[in-house]
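Structure, as structure tokens:
Numbering (the UniProt record's numbering), first residue to last: 1 to 258.
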């Protein structure tokens with residue numbers, strides 16, 4: 001029964017999406033809606049098949065910017081989160097600043113980075129770092145802080161040093177939150193790269209979308225969106241797989257809660 005329910009939960013979203021696509025196709029064809037207003041799903045599929053080779057350099061550029069920015073954000077987040085956990089004064093000083101920084105729209109910062117750093121990959125990578133950094137660092141900080149104080153005191157009573165407490169208690173506990181933050185950031189990484197590309201550049205899915213919009217080729221714009229979603233989901237699933245490999249105890253923790 002549980003297996004059937006699990007299969008049903010996995011199939012349900014796919015069936016729902018297929019129904020939406022069928023309704024979409026029906027409305028466009030029956031309603032006689034022009035392609036430059038709303039293309040049918042079949043039009044989008046045709047573009048994906050026909051223009052995929054043309055899109056490969058754009059996909060590669062966006063993937064490079066997204067992944068490099070994502071990895072830099074991970075490294076910076078780990079370093080800052082550990083420092084904030086070790087030095088409470090730094091945490092009290094920086095935590096509000098990190099929260100306030102999220103009120104600044106990324107779209108408002110991207111043009112500044114292009115002015116300062118040009119139209120190459122660097123400004124796009126910086127945008128990705130900014131959008132990915134916050135969810136990861138906050139997740140790690142909350143994870144390290146959420147360790148049971150009684151367990152920490154027990155470790156200290158057993159003679160464990162601050163480093164041992166961190167390595168053997170806080171780190172395993174915090175890794176669960178770390179991967180949760182990474183999953184959120186994974187979906188932001190490609191989006192951040194595309195936002196940067198919208199404002200300038202010669203390659204990238206954002207550039208491809210801008211050119212398609214100028215030509216009123218909405219089928220190409222939708223094709224770009226499909227690829228962006230596919231890449232983002234691929235990164236998300238990769239992070240989820242890594243979580244299962246590196247934190248097998250997280251599944252046990254969830255099963256205990258249930």
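We put the CB at the ideal spot given by N, CA and C, even for glycine.
Bear in mind that the values here come from a model prediction, so they are computed numbers and not experimental data.
- In the structure shown, residue 181 falls within a helical segment according to DSSP collapsed to helix, strand and coil.
- Inclusion of residue 77 and residue 140 in the CB contact set at 9 Å is warranted, their separation being smaller than that value.
- Straight-line measurement puts the Cα of residue 59 at about 14 Å from the Cα of residue 124.
- Each residue's CA atom was taken as its position, placing residue 146 and residue 85 some 11 Å apart.
- Counting the other CB atoms within 10 Å of its CB gives residue 26 a total below 16, which places it among the exposed residues.
- The C-alpha of residue 70 is placed about 10 Å away from the C-alpha of residue 235.
- Remark: C-beta atoms of residue 247 and residue 135 do not approach each other more closely than 9 Å.
- The straight-line gap separating the alpha-carbon atoms of residue 45 and residue 113 is approximately 35 Å.
- Here residue 57 has 203 as same chain residues with Cβ atoms under 8 Å from its own Cβ, once five neighbours each way along the sequence are excluded.
- Contact between the segment 178 to 193 and the segment 225 to 232 is present, with at least three C-beta pairs closer than 8 Å.
- The beta carbon of residue 20 is closer than 7 Å to none in its chain, skipping five residues each way along the sequence.
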